[in-house]
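Quick note, the sequences are listed as chains A and B, same order.
Take the first sequence: its letters are residues 286 to 344, numbered as in our numbering.
Take the second sequence: its letters are residues 1387 to 2104, numbered as in our numbering.
Reviewing the structure listed below.
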Amino acid sequence: MESIYLLIPLSIVLVGVAIWAFFWAVNRGQFDNLEDSAGLALEEDDATSAASESPPRRS
Amino acid sequence: MNSTVTAPLLLEGHWTSESAGEGHVVFNAEGIHCGNCARAIHRALDELPGVIRADVNVVNSRVSVTWDPAKASLGTILGKVASTGFRPVPLVGESAVAAQRNERRDAQKRIGLAGLASMQLMMYAGGLYAGAFDGIDPHWAEILRITCLIIATPVLFYSGAPILAGAIADLRRRVLGMDITVSLALVLAYAASVLNTFRGSGEVYFDSVAMFIFFLLLGRYAEMRGRHQASNVTDALAQALPAEVQRIDPATGAALRTPLAAVRLGDQLRVGSGQVIPVDGRVLAGTALVDESLLTGESAPHRRAVGDLVLGGSINAGGTLNMTVTRAADQSTLHGLVRLLERAQAERPRLGLAAERMASWFIVRVLILTALVGLIWYFIDPSRAFPAVLAVLVATCPCALSIATPVAIAAATSRLSRLGILVMRSDAIEGLATLDTVMLDKTGTLTIGQPTVTRIQTSGELSNEQALAIAAALEAHSQHPIAAAFRPYRTPTVTCTDARDIPGVGIEGSIDGVIWRIGQPGITLSDECGRLARFEVADELRPDAPATVQALRDLGLQVQLASGDSLAAVERTARALGIAQAAAALKPEDKLARLRAEQAFGRRVLMLGDGINDGPVLAAADISMAMGRGSSIAHAAGDLLLLRDSLGSLPKGIAVARDALRIVRQNLRWSAAYNMAAIPIAAVGLMPPWVAALGMSLSSLAVVLNAQRLLRNTREAH
């Protein structure tokens, strides 16, 4: 049971690390555009075919 | 028009405009999330001497102020807003983008922390819960509780900070907002848990607190996204302009970088490929493909050649242009559009107001109910009084109710703007959904509004192409509207330099040494040797007009035609489109009378016109839509503005508006039903606080996600 003395503080540290990593990612702009990136692979490079209505752009 | 460009006054990034001795500014006030916040700002501004009018829109947190520059300054107005606890943020430009980005990132961090912490807390809570059944050494239970306390504290004070701050601001202003009941629940639960932790006995609610905050923030995040999307149209417009332009020095011909604010009327500018055309102007040299999608929503670029008008805010997609500035930056099409939109968005929608009133009515009763529940349980079983009070507070949070309408309206506005329809008045969506008659103007609405050559007859010596080229060369010098029909046929090889306008007859000029004349009778081209060509010019129907009229009929709408044009022309159009009710040769007052007659029958009429000539009729219609394309935008009046040069968006827009109204009703019904159902269950003590938190949050989320359905493109497939 004594291992809990180590495991509980460790769990707090791990949450702290996860939160720090998430904050770091947000500050780096990883979550700035969640919608367009999803459709990036489907988008054609040809600008003329990209009628403004057809792809669901939500930027 | 001024001879110099008066740069819009920039104070800390705020664009203001002055007209008729009144200053006007629109800005975002950060932190508005309910009707009470809006009312507080409104009240503060009304107290300020010199403020003529103030509007606060709760949906997109926009504040619009008109003031007397002699009595107040922008600085005092912004200061007053700031003193009520809301930060005024410029609407356009870099700082507005940064403000939106920061708001989004802050929200993401708060959600992330609350989410990660909630997961962890649930594990400890699981341990405590299992321990309560199987027996746990009080020493270990104490360690778990303290761990929960450590992790839950940043959730409440960092993630929950906007909620707590909102409640404090509400208290200071002595208004009842949603944040008060929510904060009361959070603080009570947290305080009791801390107390029990140190006492070493009793329940702890740390996991419920964190989860409640997490779900609350998720709902608010979705609502914030909707708000940002709705304001993106304006922002995209306003941010389109570059800070610097290339001005051509008339002496040397070299292009020098100059701030946009220093550009004067008549200046010559160079716009390279890929650059934004900064102001309205006329092409002096070069041709280029110009993408006007920002202003018109039309994605296909247009070729613009010497003499053509180009609009500020459009993008030069290929080729280099030299242009003269024909309109000041603050009078350009773009600026006019931004200003119109800003004012429109600063208005408060009636639908939203009703929901807000409902919410604040609701909160008073919730607080009374909570007190009663606590009191009753105190006499029955004091140990169950506290969880019941918490559950009631959480379950009754009218979050879903108060965001039900704004999120749907914001989503519909964003959806419509992608169809090229700008919502100028916030009630317009409701109007668009409930109309039953569409009255259409003919010229410029159903027709292109630009004469085109429909028939050519030549006497034999001339080919059609030659005749058109010669006619175009001559008509290039004419101011007559008919002349526009020949513009596409201009060629650089056939030009006329000495053309004269003979009033009442036509144009005369020499081409390759031969004198040509075009004009009466009809449109006849003739030279001295008697070579002849006759043209017929007509205003063609828009290609999508028949499909649009059919689509409107499919929506169950009655379609009428009301035109000032001659009977023959109107009949031809009406027959082509299959419109039974068509009236010709109507003066504006006749149109108005027709409209009034329809309204007297109880019909709700949409008037679609070009926005300039149809002003009075548009104003009298239940809902009006103006074809506000190109440079006429700034003068266009209407509840809705159709930016695209096609009619097809109208039936689609009506379908979107109907969906929006349906979703608003669904949302209101759903959230009211949820609250009604949850309150009794929570009051009798059958709902633990964490279930209440989950239910409340899910009901908000359901409302938001329901509204997001409007953003999908399902209706455009056909």
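Just so it is clear, CB atoms sit at the ideal spot from N, CA and C, and this is done for glycine as well.
Here the structure is a predicted model, which means the values were calculated and not measured.
Alpha helix (DSSP H) segment containing residue 1655/B, residue limits: Working through the second sequence from its first residue, we reach residue 1655/B at position 269. Taken as a continuous stretch (DSSP letters only), residue 1655/B belongs to no alpha helix (DSSP H), being part of the beta strand (DSSP E) at 1654 to 1657.
In the region 1520 to 1539 of chain B, which residues sit with their C-beta less than 8 angstroms from some C-beta in chain A, listed in chain order? 1526, 1529, 1530, 1533, 1536 and 1537
Report buried or exposed for residue 1441/B, applying the criterion of at least 16 other Cβ atoms within 10 angstroms of its Cβ. Numbered from 1 along the second sequence, position 55 holds the residue referred to as residue 1441/B. That one is buried.
Give a yes or no on whether the C-beta atoms belonging to residue 1514/B and residue 1801/B are separated by under 8 angstroms. Residue 1514/B sits at position 128 when you count from the first residue of the second sequence. Residue 1801/B sits at position 415 when you count from the first residue of the second sequence. Not in contact: residue 1514/B and residue 1801/B (Cβ atoms no closer than 8 angstroms).
Taking all protein chains shown into account, do 16 or more other C-beta atoms lie within 10 angstroms of the C-beta of residue 1839/B, making it buried, or fewer, making it exposed? Translated into the one-based positions of the second sequence, residue 1839/B becomes position 453. So residue 1839/B ends up on the buried side.
Compute the Euclidean distance between the alpha carbons of residue 2085/B and residue 1579/B, then round it to the nearest angstrom. In the second sequence, counting from the first residue as 1, residue 2085/B sits at position 699. In the second sequence, counting from the first residue as 1, residue 1579/B sits at position 193. Roughly 26 angstroms separates the two Cα atoms.
Residue from 1707/B, 1936/B and 1995/B whose Cα sits closest to the Cα of residue 1949/B: As a first step, residue 1949/B is located in the second sequence; it is residue number 563 there, counting from the start. Minimum Cα distance to residue 1949/B is reached at 1995/B.
Residue 1525/B lies in the alpha helix (DSSP H); which residues open and close that run? The sequence position of residue 1525/B within the second sequence is 139, counting from 1. Residue 1525/B -> alpha helix (DSSP H) spans 1524 to 1540.
Run through chain A and tell me which residues come within less than 9 angstroms of residue 1985/B, C-beta to C-beta. Reading the second sequence from its first residue, position 599 is the one you call residue 1985/B. Per Cβ cutoff of 9 angstroms: no residues; residue 1985/B is ~33 angstroms from chain A at best.
By how many angstroms is the C-alpha of residue 1485/B removed from the C-alpha of residue 1856/B? Taking the second sequence and counting its residues from 1, one reaches residue 1856/B at position 470. Taking the second sequence and counting its residues from 1, one reaches residue 1485/B at position 99. Spanning the two alpha carbons is a distance of roughly 57 angstroms.
Quick one: does residue 1802/B have its CB under 8 angstroms from some CB of chain A? Here residue 1802/B refers to the residue found at position 416 of the second sequence. Not one chain A Cβ lies under 8 angstroms of residue 1802/B.
So, with DSSP's three-state summary, where would you put residue 1825/B? As a working note, residue 1825/B is residue 439 in the second sequence. Here residue 1825/B sits in strand by DSSP.
Give a yes or no on whether 8 angstroms exceeds the smallest Cβ distance from residue 288/A to chain B. Start at 1 with the first residue of the first sequence, and residue 288/A comes out as number 3. By this cut-off, residue 288/A is not an interface position.
Which runs of the beta strand (DSSP E) at least 3 residues long sit entirely within the region 1437 to 1514 of chain B? Give them in chain order. 1437 to 1443, 1448 to 1453 and 1473 to 1476
Counting only beta-carbon separations shorter than 8 angstroms, does residue 311/A have a partner in chain B? Here residue 311/A refers to the residue found at position 26 when the first sequence is read from its first residue. Chain B contact via Cβ: present.
Is residue 1706/B a contact residue of the ligand MG, with contact defined as CB to any heavy atom under 7 angstroms? As for the ligand MG, it is missing from this structure, which has no ligand bound.
Selection from 2091/B, 1848/B, 1530/B and 1673/B that minimises the alpha carbon distance to residue 1878/B: Within the second sequence, numbered from 1, the residue matching residue 1878/B stands at position 492. Minimum Cα distance to residue 1878/B is reached at 1673/B.
Check whether chain A comes within 8 angstroms of residue 2106/B, counting only Cβ atoms and requiring the distance to be less than that. Examination of residue 2106/B is not possible in this model, given that chain B is present from 1387 through 2104 alone.
Of the residues that make up the region 1781 to 1796 of chain B, which ones have a beta carbon closer than 8 angstroms to any beta carbon in chain A? none
Determine, using beta carbons only, whether residue 1499/B comes closer than 8 angstroms to chain A. One-based indexing of the second sequence puts residue 1499/B at position 113. Answer yes: the Cβ-Cβ gap between residue 1499/B and chain A drops below 8 angstroms somewhere.
When you compare each of 1503/B, 1459/B, 1552/B and 1494/B to residue 302/A by their alpha carbons, which one comes out closest? Stepping through the first sequence from its first residue, residue 302/A is reached at position 17. Of the listed residues, the one whose Cα sits closest to residue 302/A is 1503/B.
Go ahead and pull the three-state DSSP assignment for residue 332/A. In the first sequence, the residue the question calls residue 332/A occupies position 47. Confidence is the limiting factor: at residue 332/A the pLDDT is only 44, short of 50, which leaves the residue's position unreliable and the question unanswerable from this model.
Please state the DSSP three-state secondary structure of residue 1934/B. As a working mapping, residue 1934/B is identified with position 548 in the second sequence. It is helical.
Going by other Cβ atoms of all chains shown within 10 Å of its Cβ, with 16 needed for buried, is residue 1457/B buried or exposed? As a first step, residue 1457/B must be located in the second sequence, where it is residue number 71. By the neighbour-count rule (16 or more Cβ atoms within 10 Å), residue 1457/B is not buried but exposed.
Run down chain A in chain order and give the residues with a C-beta less than 8 angstroms from the C-beta of residue 1473/B. Here residue 1473/B is taken as the residue at index 87 of the second sequence, counted from 1. Those do not exist, as residue 1473/B stays about 21 angstroms from chain A at its closest Cβ, beyond 8 angstroms.
Spell out whether any CB of chain A is found under 8 angstroms from the CB atom of residue 1661/B. Taking the second sequence and counting its residues from 1, the one referred to as residue 1661/B is at position 275. So no, residue 1661/B is outside the interface.
For residue 1541/B and residue 1817/B, the rounded distance between their alpha carbons: For the purposes of this step, residue 1817/B is taken as residue 431 along the second sequence, with counting starting at 1. For the purposes of this step, residue 1541/B is taken as residue 155 along the second sequence, with counting starting at 1. Looking at the two C-alpha atoms, the distance is approximately 43 angstroms.
Based on DSSP bridge pairs, tell me the residues matched to residue 1668/B. Position 282 of the second sequence holds residue 1668/B. For residue 1668/B, which the question treats as bridged, DSSP gives the partners 1695/B and 1710/B.
In the structure shown, what three-state DSSP assignment does residue 2094/B receive? Within the second sequence, numbered from 1, the residue matching residue 2094/B stands at position 708. In this structure, residue 2094/B counts as helix in the three-state DSSP scheme.
Kindly indicate which residue of 2077/B, 1805/B, 1583/B and 2090/B has the alpha-carbon position closest to the one of residue 1526/B. For the purposes of this step, residue 1526/B is taken as the residue at position 140 of the second sequence. Closest option to residue 1526/B, Cα to Cα, is 1583/B.
For residue 298/A, three-class secondary structure by DSSP: Here residue 298/A refers to the residue found at position 13 when the first sequence is read from its first residue. Three-state DSSP puts residue 298/A in a helix.
Name the chain B residues that come within less than 7 angstroms of residue 300/A, Cβ to Cβ? Against the first sequence, residue 300/A aligns to sequence position 15. Here the neighbours are 1502, 1503, 1506 and 1537.
Any beta-carbon of chain A closer than 8 angstroms to the one on residue 1928/B? The residue given as residue 1928/B occupies position 542 in the second sequence. Not an interface residue.
Excluding the five sequence neighbours on either side, which residues of its own chain have a C-beta within less than 7 angstroms of the C-beta of residue 1705/B, listed in chain order? Walking along the second sequence from the start, residue 1705/B turns up at place 319. Closer than 7 angstroms at Cβ, skipping near neighbours: 1659, 1672, 1673, 1674 and 1675.
Where does residue 1414/B sit, in a helix, a strand or coil, going by DSSP? Position 28 of the second sequence, counted from the start, is the residue given in the question as residue 1414/B. The answer is strand: DSSP assigns residue 1414/B an E or B state.
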